[in-house]
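In the order they appear, the protein sequences are chains X and C. For the first sequence, numbering that gives the first Met the number 0 assigns the number 0 to the initial residue and increments by one for each residue that follows. For the second sequence, numbering that gives the first Met the number 0 assigns the number 0 to the initial residue and increments by one for each residue that follows. Glycine is no exception: its CB is placed at the ideal position from the N, C-alpha and C atoms. Report on one structure; see the data block that follows.
2 protein chains.
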Amino acid sequence: MKIIRSVQNKQVKAWHKLATKKGRILQHSYFLDGWHLVKEALLSGQKITQLLLVPNSKYTEKLKEINNGKNEMVLISEEVARTLSDTPSPQGVFAIVSIEKPVFSFAEVKNGAWLLLDAVQDPGNIGTMVRTADAAGFKGVIFGKKTADIYQPKVIRAMQGSQFHISLLEGELLDYITEMKERKIPVFGTELSKTARTYTEVGKFENFGLIMGNEGNGVQSDILKMSTANLYIPIKGKAESLNVAVAAGILMFQLKK
Amino acid sequence: MKIIRSVQNKQVKAWHKLATKKGRILQHSYFLDGWHLVKEALLSGQKITQLLLVPNSKYTEKLKEINNGKNEMVLISEEVARTLSDTPSPQGVFAIVSIEKPVFSFAEVKNGAWLLLDAVQDPGNIGTMVRTADAAGFKGVIFGKKTADIYQPKVIRAMQGSQFHISLLEGELLDYITEMKERKIPVFGTELSKTARTYTEVGKFENFGLIMGNEGNGVQSDILKMSTANLYIPIKGKAESLNVAVAAGILMFQLKK
């Protein structure tokens, strides 16, 4: 089987372009780096276009076994692997995965716990919140219109495969909040203000929404006005605020029954 | 007053070198970028070598007022500011601050809540945990020997100035744990294992230690053996683990009285 050794190879150049939003849109695909993520994608039945592998690595046999002849495997040299990976010592296992865009779905939010992201910008924060929502037993995450692209390499790395475990929806948060409230599901905003309710006071819930906002500006005021209640984590020291992903973790584990 | 306009200027080159560990050791200094951090450094009485400022910025008058003639101010061009900053639109305010290394101090740990970091590697995680410890009302953070350098630009950015609010200590964690236990202060390890105790079961404390471990390997086993008890955050979904800074946030806010 042929090994791609040149970083000038047409396919290698196409894979590199998946690091950009334009490249992902043109190829309808995103890039996974590392054994853990590739294995999760295979086991959860993602639509994989190509599997890339450095031959004779410790993952070769495991990958062949899980793939079971289903998806195309392309052999690449260690040098090509190094240019494709963000990590200093790449594992030499990659996958090109079809993008299944988060969908708009009112039907899904009829039960379960949901994290709503309002214009969150930092890719590490977004990915970490998806991973935490998974760990906290949430049903899914809803991305508001102004939230950053979730197929960026940094989001993908921080999600650690949780995009394969829970539902990812998108759309106008105000519409989702209206829908949830009509179904008597509480939706909590978050606000860095002592006029908001302390997060430990409202109880625990099976079905609810939790809204986290932009790193600098918080949740938009028209959304805060629509929520069932707005919550606040009391700051005891001299820090002005918490990192949004840490705050989301504290709130998700506190509120989820 | 002269404005430094050339990125080839000797001083500019020296400032750039503060992004590296070698540069920080040679110059005994680290670099702060942005109005918020520079203001916190000034107000908390840090030893500042130089303040750098783009002239006629919105911060010029505020900076002069807070500095009150105390520290040397150097004017730099917008172009120089752009090369010095990691952010796409720098505020044009920087400070060179003397490194006060975290100290070894048994006396300090006789009371208060302490976060102990065992070989944590990711700079964003380290900085975020210091910021969260501040917000949770902790007295300080103790850096074990194998924890990454806290004066890296990414750690500094994530701490958001909390290094000026709480104590930063360093040294052998086993020695600190022994000391705290002799003083009847509980020290909790963290373990991704169902044999550990659920974190909500142990109560709340004024004086205690909480140990967080390396991103891949967790807390070292000899440290886990020494702790008062080891805690576990139950994972409800399919995620394998939580991000260490998120886990630390959940635990600090749960355990601190």
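query                                                                                                                    : result
Residues near Leu223 of chain X by beta carbon distance below 7 Å, same chain, minus five either side                    : Gly188, Glu190 and Asn229
Best match in C:Lys57, C:Gly170 and C:Lys38 for proximity to Pro100 of chain C [C-alpha to C-alpha]                      : For the sequence presented, residue 100 of chain C should be read as Lys rather than Pro. Measuring from the Cα of Lys100 of chain C, the nearest candidate turns out to be C:Gly170.
Val96 of chain C versus Met128 of chain C - alpha carbon distance                                                        : 22 Å
N-terminal and C-terminal residue of the beta strand (DSSP E) that Gln49 of chain C is part of                           : Ile47 to Leu52
Proximity of Gln26 of chain C and Leu36 of chain C at Cβ, strictly below 9 Å                                             : no
Close beta carbons around Glu178 of chain C, own chain, < 8 Å, minus the five adjacent residues each side                : Phe105 and Val108
Within-9 Å CB hit, Ile165 of chain C to chain X                                                                          : yes
Partner residues on chain X for Val245 of chain C, Cβ-Cβ distance less than 7 Å                                          : Thr127, Thr131, Ala244, Val245 and Gly248
Alpha carbon of Ala13 of chain C to alpha carbon of Thr19 of chain C, nearest angstrom                                   : 11 Å
Buried or exposed by the 16-neighbour rule on C-beta atoms within 10 Å, applied to Arg130 of chain C                     : buried
The segment 41-60 of chain C in contact with the segment 78-96 of chain C per 3-pair CB rule at 8 Å                      : yes
Reference Met211 of chain C; option with closest CA among C:Ser43, C:Lys38, C:Val245 and C:Thr48                         : C:Val245
Outcome for Phe142 of chain C when other beta-carbon atoms lying within 10 angstroms are tallied against a minimum of 16 : buried
Reference Leu209 of chain X; option with closest CA among X:Lys38, X:Ile149, X:Leu41 and X:Phe137                        : X:Phe137
Thr197 of chain C vs Ile232 of chain C beta-carbon contact at 9 Å                                                        : yes
C-beta contact flag for Thr146 of chain C and Val119 of chain C at 9 Å                                                   : yes
Range covered by the beta strand (DSSP E) that runs through Val154 of chain X                                            : Looking at the DSSP string, Val154 of chain X is not in any beta strand (DSSP E); the run it does join, the alpha helix (DSSP H), is Pro152 to Met158.
Backbone CA spacing between Val6 of chain C and Phe252 of chain C [nearest angstrom]                                     : 45 Å
Paired residues, beta bridge with Asp32 of chain C - DSSP                                                                : C:Phe93
Neighbour flag for Ile95 of chain C against chain X, beta carbons, 9 Å                                                   : no
Proximity to Glu239 of chain C [Cα-Cα], best of X:Leu241, X:Gly160, X:Asn124 and X:Lys237                                : X:Gly160
DSSP bridge partner residues for Tyr231 of chain X (one or two, in chain order)                                          : X:Thr197
Residue range of the alpha helix (DSSP H) that includes Ala112 of chain X                                                : Careful: Ala112 of chain X lies outside any alpha helix (DSSP H), inside the beta strand (DSSP E) at Ala112 to Leu116.
Minimum Cβ-Cβ distance from Lys61 of chain X to chain C less than 9 Å                                                    : no
Min CB distance Ala147 of chain X to chain C below 9 Å                                                                   : no
Local conformation of Thr131 of chain C per DSSP, three classes                                                          : helix
Where Val102 of chain X falls, given that 16 or more other Cβ within 10 Å makes a residue buried                         : exposed
Any C-beta of chain C under 9 Å from that of Leu241 of chain X                                                           : yes
Collapsed DSSP secondary structure at Ser166 of chain X in the structure displayed                                       : strand
Neighbour list for Ile234 of chain X in chain C, Cβ cutoff strictly below 8 Å                                            : Ala134
Contact check, Leu115 of chain X vs Val154 of chain X, beta carbons under 9 Å                                            : no
Opposing strand residues paired with Ile210 of chain C [DSSP bridges]                                                    : C:Leu115
Proximity to Gly111 of chain C [Cα-Cα], best of C:Leu42, C:Glu71, C:Ser166 and C:Leu52                                   : C:Ser166
Sequence-distant residues of its chain with Cβ nearer than 8 Å to Glu71 of chain C (five each side left out)             : Thr48, Gln49 and Leu50
Spatial distance of Ser28 of chain X from Gly22 of chain X (CA atoms)                                                    : 8 Å
Residues in the segment 18-44 of chain C having any Cβ partner in chain X nearer than 8 Å                                : none
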